[in-house]
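Protein chains in written order, with UniProt numbering: chain A, 1 to 109; chain B, 1 to 109. In what follows, a structure is listed as structure tokens, so that the remarks can point back to it.
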DNA sequence: TCATAATATTACTATATCGTAATATCTCGA
DNA sequence: TCGAGATATTACGATATAGTAATATTATGA
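This is the structure we're talking about:
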């Protein structure tokens, strides 16, 4: 029996394309170092090197994480001299991260 | 140069354990079928079979997705006869999903 | 108790991601 | 222009996840 015959369906029929996009972005966020980078970048601009140091990973690794996140629109970057500054480009990240922090990252009250 | 010497650090030092947990849960959520299941379950109780039908996957696949999400506390289940009903157990899911929907799943205005 | 519905588990292959390391590119200052 | 700092790209083996299919478990009703 179809769900729609049992209950008034509370949702639009699934938009598979949108679900796929959402899943891809969530997967991109789903890494401890990348979550940390988002946290940092929500509070200011940082260079690759600064992010790498805070996250305790090599510079090239930080660069690669940033590339992945840039690919789904989280950040954009601008070069200044030989440094590259990253900053948040996706406004929804703030809200999303607030949800994540309220669940996982604010345990000491 | 350490970040902390450049700016007043706006964040606690990273709690790597918590970041890892958060990443794991996000990864669990990061699948189109699983996102859809969360959407549905936020609006009511459903059986494995009902979820499978709506998501257009075989029953055993639905069961496996549900097991993964149950493992990180999203849902709990109760058997009634030969059916098993799943429902949301993690209260933060509602807020988190609202963020995701506002970014990805509400594009038609 | 037997057949079947509903759910769950396991096995297997293909693909993706992770972590590490090596190498490349771009930029500035001597 | 040459060397070094900062960032980016590529390669590779190990592990994880996805998708499919086969099989197992649990509960109901005849």
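Where is the CB? At the ideal position from N, CA and C, for every residue including glycine.
Residue 92 of chain B has a beta carbon lying within less than 8 Å of a beta carbon in chain A.
With respect to the C-alpha of residue 15 of chain B, the residue from A:19, A:42, A:35 having the closest C-alpha is A:35. Not a single C-beta of chain B is nearer than 8 Å to the C-beta of residue 65 of chain A. Taken in chain order, the whole alpha helix (DSSP H) runs of length 4 or more contained in the stretch 26 to 93 of chain A are 32 to 41, 48 to 55, 59 to 71. In its chain, beyond the 5 residues on either side, 48 have a beta carbon closer than 7 Å to the beta carbon of residue 63 of chain A.
Residue-level contact check: residue 81 of chain B does not touch chain A, since none of the beta carbons of chain A fall below 8 Å from its beta carbon.
Under the 8 Å Cβ criterion, the stretch 71 to 83 of chain B does not count as touching the stretch 73 to 90 of chain A, having fewer than three qualifying pairs.
By the CB criterion at 8 Å, residue 23 of chain B and residue 31 of chain A fall inside the cutoff.
Excluding the 5 residues flanking it on each side, residue 42 of chain B has same chain C-beta neighbours closer than 7 Å at 88, 93, 94, 97, in chain order. Contact check for residue 65 of chain A against residue 37 of chain A passes: the beta carbons are separated by less than 8 Å.
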